[in-house]
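At position 346 of the sequence shown (counting the first as 1) the number is 346 in the working numbering, and the numbers step up by one without a gap. Cβ coordinates follow ideal geometry from the N, Cα and C atoms, glycine included. First the structure, in the form of structure tokens, and then the observations on it.
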Amino acid sequence: MTLQNKLNFSGGPGALPEKVLVQLSEEIINVPGPGLSILGISHRSEWFAEVIAELENNIRTLMGLSDAYHVLLLQGGATQQFSMVPMTLLRGQNSPAEYLHTGYWSGKAIPEARLEGPVRVIWSGSENNFNRLPSDDELCFSPDAPYIHYISNETVEGLQFQRILGRNDVPRICDMSSDFLSKPCEFERFSLIYAHAQKNIGPAGITVIVIRNDLIEHTTGNLPGFLDYKTQIKAHSNFNTPPVFAIYAVLLVSRWLINDIGGLENMAAINNRKAELLYRVIDESDGFYRGRAAADRSLMNVVFKLSSAELEAGFLSRAQAAGFSGLAGHRAIGGLRASIYNAVTLEAVEELAGFMDEFRRRSKP
Ligand code: PLP
């Protein structure tokens, strides 16, 4: 049994483009230019300042961002943003921030926000076991909220919004960790977007934050420098030693997205075809594969199960023997999950679809 990078369907850290892996493996030894290992280049070098500047510019290009936005590259993962957002915007407020509880990860964000100030959960999917997202009729946003917060793609349950929520007069804040740069979006309708790298754009260690000037203009904070957006902006994401390797890897992925894929429209077309293939296998399996979501199925995380835990164990062990990895569901809910982030190729998904068909045929009594 040899696992293959190209057949990595992990929920995260996810696969990286083959081309990026090859370049990184060479540059672990020697980055042309500085002539040093990528693991030993100073974060204060001119070379690294250029890396940050190019990456910021690539993110701006891909997202179509104007100068009204700052782009930050911070540590601490998306979890740190669960706290940094309310520390900055909710402390001392009387009106509650509005949060949507749509699955496992939004369920982690809400208690962190409550530590900082008042929170109102305006919709929760807990009663329906998080098998769908709310319709517009079920949502009522207040004009007085300091901000609204939601997660565009619930990685564990496999639910994804295909629309933007909220009101135009209240700042929208979105955790896009598991569908960031997977499709075009009107990004400028958000005041703050955060997304860790380890799903669609790189290895763990770095989180991209896109933040509108006016959101933090009047915040006074008294926050530790590391947790203060303003300090981080002033320091150009180089307040303390940043993860040089992870940031460089994200730069290479951003070049791949722009030059090899041709931007987010093209990426979305590929991602749509990948998801269609897997959902078709599930829908045409006569109930052998059972999709978890009743609606709002994610194009990034295809979550499903089989009729018994034994059958699922058999699926995972056959899949592993065939070179696939990362197909077990999240530990919180079990079952199976195929995460088909940007770097998972259409060919790899075709192979998985073929494997799933074959497994079903062989398992039929
Ligand atoms: N938000 C989403 C949507 C996630 O999928 C995850 C983890 O997978 C997190 C937040 C937590 O991210 P981190 O481990 O970077 O803190």
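Per DSSP, cross-strand counterpart(s) of residue 173: The partner list for residue 173 (beta bridge, DSSP) reads 149 and 192.
Reference residue 377, options 60, 228, 87 and 154, closest by Cα: The chain is shown from 1 up to 365; residue 377 falls before or after that span and cannot be answered.
Coarse secondary structure for residue 98, derived from DSSP in three states: In this structure, residue 98 counts as strand in the three-state DSSP scheme.
Straight-line Cα distance separating residue 39 from residue 33: Straight-line Cα distance between these residues: approximately 14 Å.
Reduced DSSP secondary structure (H/G/I, E/B, other) of residue 220: DSSP places residue 220 in the coil class of the three-state scheme, outside both helix and strand.
Cβ neighbour criterion (16 or more within 10 Å) applied to residue 191: By the 10 Å Cβ count, residue 191 comes out buried.
Alpha carbon of residue 218 to alpha carbon of residue 267, nearest angstrom: Looking at the two C-alpha atoms, the distance is approximately 37 Å.
Among 189, 168, 193 and 172, the one whose alpha carbon lies nearest that of residue 179: Considering only alpha carbons, the answer is 193.
Buried versus exposed call for residue 244 [16 or more other C-beta atoms within 10 Å across all chains shown]: Sixteen is the threshold: when 16 or more other Cβ atoms of the shown chains lie within 10 Å of the Cβ of residue 244, as they do, the residue is buried.
Classification of residue 175 by the beta-carbon crowding that lies within 10 angstroms, buried from 16 upward: Residue 175 comes out buried.
Three-way DSSP call (helix, strand, coil) for residue 364 in this model: Coil, per DSSP.
Helix, strand or coil at residue 240 [DSSP, three-state]: Of the three classes helix, strand and coil, the one that applies to residue 240 here is coil, per DSSP.
Euclidean distance between Cα positions of residue 75 and residue 361: Roughly 46 Å between the two C-alpha positions.
Residues of its chain near residue 227, where Cβ-Cβ distance is below 7 Å and the 5 sequence neighbours each way are ignored: Within the same chain, residue 227 has close Cβ partners 84 and 87.
Host alpha helix (DSSP H) of residue 317 (start-end): 309–321 is the extent of the alpha helix (DSSP H) around residue 317.
C-alpha distance - residue 51 paired with residue 195, whole-angstrom precision: Rounded to whole angstroms, residue 51 and residue 195 show a C-alpha spacing of 19 Å.
Residue 110 Cβ short of 7 Å to ligand 1 heavy atom set: No; taking the cut-off as 7 Å, the Cβ of residue 110 has no heavy atom of ligand 1 nearer than that.
Closest by C-alpha distance to residue 67, when choosing among 356, 147, 100 and 211: Answer by Cα proximity: 211.
Contact check, residue 300 vs residue 160, beta carbons under 8 Å: In this structure, residue 300 sits near residue 160, with a CB-CB distance shorter than 8 Å.
Distance, residue 287 Cα to residue 364 Cα: The alpha-carbon atoms of residue 364 and residue 287 are separated by roughly 12 Å.
Assigned secondary structure, residue 291 (DSSP; H/G/I helix, E/B strand, else coil): The answer is strand: DSSP assigns residue 291 an E or B state.
Nearest candidate by alpha-carbon position, reference residue 204, set 171, 242 and 122: Here the closest residue by C-alpha is 242.
DSSP three-state assignment for residue 2, whether helix, strand or coil: For residue 2, the secondary structure class from DSSP, reduced to helix, strand or coil, is coil.
Cβ-heavy atom distance, residue 102 to ligand 1, below 7 Å: Checking the Cβ of residue 102 against ligand 1 gives no.
Close-in-space but distant-in-sequence residues of the same chain around residue 289 (CB under 6 Å, 5 per side omitted): Cβ neighbours of residue 289 beyond the five flanking positions: 282 and 304.
Residue 301 - containing beta strand (DSSP E), residue span: For residue 301, the enclosing beta strand (DSSP E) has its first and last residue at 301–305.
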